[in-house]
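Asker:
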Amino acid sequence: MLKDDILDDLDGILSVHVFPTIPSGGIGSRPGTVLAGAGVFTVTVHGQGSHAATPHLSKDPVLAASSAVVALQQIVSREMDPLEAGVVTVGYIQGGHTQNISEAQAAVYQCKAEVDFGEKEPSLHPVMKNDEGLYEHGKEVAEAMIGKNNFHDFPVTMGAEDFSFFTKRTKAAIFVLGIKNETLGAGKPLHSPYFFVDEEALPLGAALHAAMAVTYLDKHGNDHEVKTEL
Numbered sequence: 001m002l003k004d005d006i007l008d009d010l011d012g013i014l015s016v017h018v019f020p021t022i023p024s025g026g027i028g029s030r031p032g033t034v035l036a037g038a039g040v041f042t043v044t045v046h047g048q049g050s051h052a053a054t055p056h057l058s059k060d061p062v063l064a065a066s067s068a069v070v071a072l073q074q075i076v077s078r079e080m081d082p083l084e085a086g087v088v089t090v091g092y093i094q095g096g097h098t099q100n101i102s103e104a105q106a107a108v109y110q111c112k113a114e115v116d117f118g119e120k121e122p123s124l125h126p127v128m129k130n131d132e133g134l135y136e137h138g139k140e141v142a143e144a145m146i147g148k149n150n151f152h153d154f155p156v157t158m159g160a161e162d163f164s165f166f167t168k169r170t171k172a173a174i175f176v177l178g179i180k181n182e183t184l185g186a187g188k189p190l191h192s193p194y195f196f197v198d199e200e201a202l203p204l205g206a207a208l209h210a211a212m213a214v215t216y217l218d219k220h221g222n223d224h225e226v227k228t229e230l
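First residue of the sequence shown: 1, per full-length UniProt numbering; consecutive thereafter.
1. Determine the burial state of SER29: buried for a count of at least 16 other Cβ atoms within 10 Å of its Cβ, exposed for fewer.
2. Just to confirm before moving on: does the CB-CB distance between PHE154 and VAL176 stay below 9 Å?
3. Assign PHE196 to one of three DSSP states: helix, strand, or coil.
4. Out of PRO20, SER15, GLY26 and HIS17, which one is the CA nearest neighbour of residue 247?
5. If you count every other CB in all the chains shown that lies within 10 Å of the CB of PRO55, and 16 or more means buried, which is it?
6. Below 8 Å on the Cβ atoms is my contact criterion, and I expect GLY178 with SER66 to pass it. Report the Cβ-Cβ distance as a whole number of Å.
7. As a quick exercise: from MET158, ALA213 and GLY138, pick the residue whose alpha carbon is nearest that of PHE151.
8. Please confirm whether THR157 and ALA36 have their CB atoms less than 9 Å apart.
9. Check GLU119 in the structure and name its three-state DSSP category.
10. State the Cα-Cα distance for the pair VAL115 and VAL90, rounded to the nearest angstrom.
11. Tell me the rounded alpha-carbon separation between ILE75 and ASP9.
12. If contacts are defined as beta-carbon pairs under 8 Å, then LEU14 and LEU204 qualify, I think. What distance do you get, rounded to the angstrom?
13. I think ASP131 touches ALA172, with their Cβ atoms under 8 Å apart; what is that distance to the nearest whole Å?
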């Protein structure tokens, strides 16, 4: 969509994402920064393999990779300003295919909520910042639908969302739809194998999405030709 310049003539773009910490039927968001940026990289450790019974004859890359995983946690505590937010997470490590062989290579796959890759390697996901005008519009619509008590001030979260790419081309705002329902067991973290959605909340999300778009067009449609992507 971005490469084809589809978003270049839009007045704004809106998104609704389910979230398991807000009670089912609630809606949340915040002005300004909502989600972190994110980047990934792969580290390959080369060594010298040998049999597991003769570790002194090897240069064990698995041990080196394990040490690197632990050392990476010092980036946040020793390399970042303590007043800034950052997360380093190693999500996948692979080295070897059998128990009795010390492999010659190990690979570490790492994810980080905010990292500077320099000019040649920009962050894969930009920071998600809500346009304040669209946020206020969406909040007004949400409160009219569900009441002020059911609209939640959503905290800044260190997760990332590819919807943030759209903010580079047009005004954007993201809202979250609560799906937490302890009776149903809905409330586990996103991407958990136990994640479960209270599907009774989904029609509200669809209605919110439609209402935000329609009321925006009602307000601004007479000013000039408006195109809004849902």
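For each residue, glycine too, the CB sits at the ideal point set by N, CA and C.
Answerer: According to the data block:
1. buried
2. yes
3. coil
4. For the chain, the structure presents residues 1 to 230; residue 247 sits outside this window and is missing.
5. exposed
6. Going by Cβ atoms, the distance from GLY178 to SER66 rounds to 39 Å, so no, they are not a contact pair.
7. GLY138
8. yes
9. The predicted model places GLU119 with a pLDDT of 42, which falls under 50 and marks its position as unreliable, so this point remains unresolved.
10. Confidence is the limiting factor: at VAL115 the pLDDT is only 35, short of 50, which leaves the residue's position unreliable, though a coordinate-based value still follows. Distance between the alpha carbons of VAL115 and VAL90: 14 Å.
11. 41 Å
12. Going by Cβ atoms, the distance from LEU14 to LEU204 rounds to 15 Å, so no, they are not a contact pair.
13. 6 Å
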